[in-house]
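This note's numbering puts the first residue of the sequence shown at -1, with every later residue one more than the last. Since the structure comes first, as structure tokens, the remarks are kept for the end.
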Amino acid sequence: MGRDSSGKKKYDYETFYGTEDEANQREKELTEELKKKKTGPKQTVSNIAELMDFWLDNLRESEDIEESTMANYSQLIRGLKPVVGELQLYKLSAFDVQKEMNGSFKVVSVRTKKNYYGMIKRVLRDAYGWGLIPIDVTVGIKSPRGKEPEKPTLNYEQLMSLLEKGVNYKHYLIIRMLIVTGARLGEILGLRWRDIDFQRGTIEIMQTVDSKKRTTKDKPKTKNSERFIVLDATTLNYLQERKMASKVVSIKKDEHLVFLADDGRPMRHKAVEITFERMLKKAGLGELVDGLTLHCIRHSVMTSLHKSNVAFADIIALSGHKDINSLKTYLHHDKTGINMLDTITEIRSRQSNSQS
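Spelled out as structure tokens, the structure:
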């Protein structure tokens, strides 16, 4: 049965009534069952805490995971260890896990609580696949119900007001591109001049920037995030002007980031955030400053497109999501070449013409 934390051997006991031969036969059966060959880790993994440690180490070695994602997983596991860490794998049941999880994590949000349940299920499913537990106990573990508060968003008119009122702010073009493309901030800050095709009017999302650590990553968040996005004419003009005014004079200029801070490094998240807050106030939306983040722009763009009856396939192509809810099965990713500004303007123009 392995060893406990003090190094002493652990045993499994069972009272058996029968003949000596029958008892010996039962001993062989138990020995085979409890010491059966595992397909998972070679080191001793006897409880959930040890399992979660191995799971994290295995993930680091076997998959290309972003640092931020690993940090999130590690934080969830740190929260789970005091709750279920001591549960032994060899006799683990869904009831054991559910009993310990119930009533825990009372002070966290609904979303975070669901993340804890999702993490323990993922780890235990892998444990079953590795042969560390005889049954898939996750089938019987029920996640908590509860509706997460909706993220605050700006409607189409408010987004247009931002574009109109904030034009003179230092990082206006970054905010404009977030609104036009619905891209993540790191994707826009990760753009190089060579990623912009001025003749076709497109940008290609090929890498990203961690705007808080100010480091460049050579690939976007997911495989689906690699995509082309068509820009509107005004945004292209702004980019042309920026390129002409760029202080960088080099044969490798196209390799440089479009948006650099004054110290030549990737743009600071806080700098863009301050511009966004100032633009909100300038547009008369100051009461929304406390509730909105830069990432809310992305949610606002997708919501505006959806409310304007833009096809889900187009939204997926623009946003770089793997799917939208469960509708991916019914959608064909064969429609591309949109941006938020041109698309909604065209829809509204058609609606206006049909009414006149």
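We put the CB at the ideal spot given by N, CA and C, even for glycine.
Residue i, DSSP secondary structure in three states
| i | result |
| --- | --- |
| asparagine 166 | coil |
| threonine 213 | strand |
| aspartate 208 | strand |
| valine 228 | strand |
| asparagine 45 | strand |
| proline 264 | strand |
| glycine 131 | It is worth fixing the name first, because residue 131 is isoleucine in this sequence and not glycine. Here isoleucine 131 sits in coil by DSSP. |
| arginine 346 | helix |
| glycine 5 | For glycine 5, the predicted structure reports a pLDDT of 43, less than 50, and the residue's modelled location is therefore unreliable. A value from the coordinates is still provided. In the structure shown, glycine 5 sits in coil (DSSP, three-state: anything other than H, G, I, E or B). |
| arginine 182 | coil |
| glutamine 197 | coil |
| arginine 240 | helix |
| leucine 292 | coil |
| leucine 283 | coil |
| leucine 87 | coil |
| leucine 152 | coil |
| arginine 58 | helix |
| leucine 189 | coil |
| histidine 331 | At histidine 331 the pLDDT is 43, less than 50, meaning the model places this residue with poor confidence; the figure from the coordinates comes in the next sentence. DSSP places histidine 331 in coil when its eight states are reduced to three. |
| asparagine 351 | helix |
Element boundaries [beta strand (DSSP E), containing residue i]
| i | result |
| --- | --- |
| threonine 200 | 200 to 203 |
Beta-carbon proximity of residue i to residue j, cut-off 8 Å
| i | j | result |
| --- | --- | --- |
| proline 142 | lysine 112 | yes |
| valine 135 | alanine 69 | no |
| valine 256 | arginine 266 | no |
| leucine 316 | glycine 180 | yes |
| isoleucine 118 | valine 82 | yes |
| aspartate 230 | asparagine 337 | yes |
| isoleucine 173 | methionine 242 | no |
| glutamate 12 | asparagine 45 | no |
| tyrosine 114 | glycine 77 | yes |
| valine 43 | leucine 90 | no |
| serine 72 | leucine 54 | yes |
| valine 106 | glycine 144 | no |
| glutamate 253 | arginine 192 | yes |
Residues of its chain near residue i, where Cβ-Cβ distance is below 8 Å and the 5 sequence neighbours each way are ignored
| i | result |
| --- | --- |
| phenylalanine 196 | Leu234, Leu237 and Gln238 |
| histidine 293 | Arg182 and Leu183 |
| lysine 149 | Cys294 and His297 |
Segment limits, alpha helix (DSSP H) that includes residue i
| i | result |
| --- | --- |
| phenylalanine 93 | 92 to 99 |
| glycine 77 | 65 to 82 |
| isoleucine 139 | Careful: isoleucine 139 lies outside any alpha helix (DSSP H) and carries neither H nor E. |
| leucine 358 | As shown, the chain starts at -1 and ends at 354. That puts residue 358 outside it, with no answer to give. |
Same chain, Cβ closer than 6 Å to residue i, five either side skipped, listed in chain order
| i | result |
| --- | --- |
| asparagine 307 | none |
| isoleucine 75 | Met50 |
| lysine 79 | Ala47 |
| isoleucine 249 | Confidence at isoleucine 249 is low in this model, with a pLDDT of 48, below 50, so the placement of that residue should be treated as unreliable; the coordinate-derived value is given next. There are no such residues. |
| arginine 263 | Arg212 |
| phenylalanine 226 | Thr200 and Glu202 |
| alanine 21 | Phe14 |
| isoleucine 356 | In this structure the chain extends from -1 to 354, so residue 356 is not present and cannot be described. |
| aspartate 332 | In this prediction, aspartate 332 has a pLDDT of 42, which is less than 50 and means its spatial position is unreliable; what the coordinates show is noted afterwards. The answer is none, since no qualifying residue turns up. |
Same chain, Cβ closer than 7 Å to residue i, five either side skipped, listed in chain order
| i | result |
| --- | --- |
| lysine 168 | Thr273 |
| leucine 161 | Arg174 and Ile177 |
| leucine 171 | Tyr236 and Arg240 |
| isoleucine 313 | Met300, Leu303, His304 and Ile322 |
| serine 102 | Val81 |
| serine 350 | none |
| glutamate 271 | Leu292 |
heavy atom of the ligand ADP below 7 Å from residue i C-beta
| i | result |
| --- | --- |
| threonine 110 | Of ligands this structure carries none, so the ligand ADP is not represented either. |
Residue-level contact to chain D via CB, residue i, 8 Å cutoff
| i | result |
| --- | --- |
| threonine 273 | Protein chain content of the structure displayed is limited to a single chain, and chain D is not contained in it. |
### Query
Is it true that the region 44 to 55 meets the region 118 to 134, where meeting means three or more beta-carbon pairs spaced less than 8 Å apart?
yes
### Task
Give a yes or no on contact between the region 294 to 302 and the region 184 to 193, applying the rule of three or more CB pairs nearer than 8 Å.
no
### Query
Is there contact between the region 216 to 233 and the region 267 to 286, where contact requires at least three CB pairs shorter than 8 Å?
no
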